[in-house]
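Take the sequence shown: its position 285, counted from the start at 1, is 285 in UniProt numbering, and no numbers get skipped.
Yeah, the Cβ is synthetic: ideal placement off N, Cα and C, and Gly gets one too.
Input: a single structure, listed below in structure tokens.
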Amino acid sequence: MTSERDDAAPGAGADGLLGPADVRELAAALGVRPTKQRGQNFVIDANTVRRIVRAADLRPGDTVVEVGPGLGSLTLALLPAAAHVTAVEIDDTLAAALPATVTARLPHLADRFALVHGDAMRVTDLPGPAPTALVANLPYNVAVPVLLHMLATFPSLERALVMVQAEVADRLAAAPGSRVYGVPSVKAAWYARARRAGAIGRSVFWPAPNVDSGLVALERRDPPQTTASREEVFAVVDAAFAQRRKMLRSALSGWAGSSAAAEAALVAAGVGPRARGEELTVEDFARIAAHRPGRPDAPRDAAGAPATPAPADSRNRENQENTAA
């Protein structure tokens, strides 16, 4: 998958895809104008949706879930590549119109399509087979919450390819130590390995957004082994990055009950109290959560004190040595 921009002259061919004129005609017929409130920017370039489908690496047996299909630009490109496509659309007008668009432009594939009219953040079940891939041009104002919700709600999802704001794409794919590594990076890493899969220019949208876009590919992974729940781990992540510039001993004081309790949990987890959130992996956060003071199943030694494992890496060893004072 190339990371070069794809601003080629748009156009639809015999494959039924929507071009700029098609998108505007459909919108005019429906009385639709994209709204910032719902983060709506419709893709008008058929080459871009073809590129997204290629990057998604779909297999013939895949069941795809698409969030925010809008007028159907990406939906029409997904149908020939997958066994089934379920689109989740919150907009009343767009949801009502999309099945007719699919039937009119790809009648021989209409039986592969299903529509769920509702808020993706409230969806807990989908018709048909369990989804195996998420492919979507996510509404930019809710992209991260929707992505995390779908990954949490549908463990059958093996892969995802999402288009989001470029800055968000960088954060989702960031590794520890990066200046953009943060809450989205860690929470996405709980579910999947994420990587940047390309850049998308502004001219392929209507209306053109004020920001660039990026593709992020995610491949499902097993979550870290821990006695803590996902919610407990995410609570540590939120606390660590709420005060990003602070050392974890201070940043986690509210979470643990005091700075001393936070330090005890960090040391027990093999993390130096002077470390900062942006240095830690999701596995580090999982260990910290498991050692939260007062957790009934927190590891303890024979004397009943919090168990202290060997430090996870040299970074943490150095940080622990530096806290002697």
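N-terminal and C-terminal residue of the beta strand (DSSP E) that residue i is part of
{"i": "E219", "result": "S213 to R220"}
{"i": "T63", "result": "T63 to V67"}
Cβ-Cβ separation, residue j to residue i (assumed contact under 8 Å), whole Å
{"i": "G214", "j": "A166", "result": "4 Å"}
{"i": "A275", "j": "L252", "result": "That belief does not hold up - the Cβ atoms of A275 and L252 are roughly 10 Å apart, past 8 Å."}
{"i": "L58", "j": "F113", "result": "Actually they are not in contact, since the Cβ atoms of L58 and F113 sit about 15 Å apart, beyond 8 Å."}
{"i": "G128", "j": "V88", "result": "Wrong, their Cβ atoms sit about 13 Å apart, outside the cutoff."}
{"i": "V233", "j": "F285", "result": "5 Å"}
{"i": "A265", "j": "A256", "result": "6 Å"}
{"i": "V271", "j": "T48", "result": "The Cβ separation is near 43 Å, so there is no contact."}
{"i": "A56", "j": "L147", "result": "About 14 Å; that fails the 8 Å criterion."}
{"i": "V267", "j": "P273", "result": "7 Å"}
{"i": "L18", "j": "A46", "result": "7 Å"}
{"i": "residue 367", "j": "V116", "result": "Residue 367 lies beyond the residue range present for the chain, which begins at 1 and ends at 325; the question has no answer from this structure."}
Where residue i falls: helix, strand or coil (DSSP)
{"i": "R179", "result": "coil"}
{"i": "R196", "result": "strand"}
{"i": "T226", "result": "coil"}
{"i": "A262", "result": "helix"}
{"i": "V32", "result": "coil"}
{"i": "V85", "result": "strand"}
N-terminal and C-terminal residue of the alpha helix (DSSP H) that residue i is part of
{"i": "D45", "result": "Segment: none, D45 is in no alpha helix (DSSP H) and carries neither H nor E."}
{"i": "T75", "result": "S73 to L78"}
{"i": "residue 326", "result": "Past the edges of the chain, shown from 1 to 325, lies residue 326, and the structure says nothing about it."}
{"i": "R249", "result": "L248 to A251"}
Environment of residue i [buried if 16+ CB atoms lie within 10 Å]
{"i": "T75", "result": "buried"}
{"i": "A21", "result": "exposed"}
{"i": "H108", "result": "exposed"}
{"i": "G61", "result": "exposed"}
{"i": "Q40", "result": "buried"}
{"i": "N137", "result": "buried"}
{"i": "G16", "result": "buried"}
{"i": "A260", "result": "exposed"}
{"i": "S185", "result": "buried"}
{"i": "S178", "result": "exposed"}
{"i": "P27", "result": "According to the sequence as given, residue 27 is Ala; it is not Pro. Buried, since its Cβ has 16 or more Cβ neighbours within 10 Å."}
{"i": "P207", "result": "exposed"}
Cβ-heavy atom distance, residue i to the ligand FAD, below 6 Å
{"i": "L79", "result": "The ligand FAD is absent from the structure shown, which contains no ligands of any kind."}
Problem set entry | Every unbroken beta strand (DSSP E) inside the stretch 90-167 [3 residues or more] | 113-117, 133-137 and 159-165
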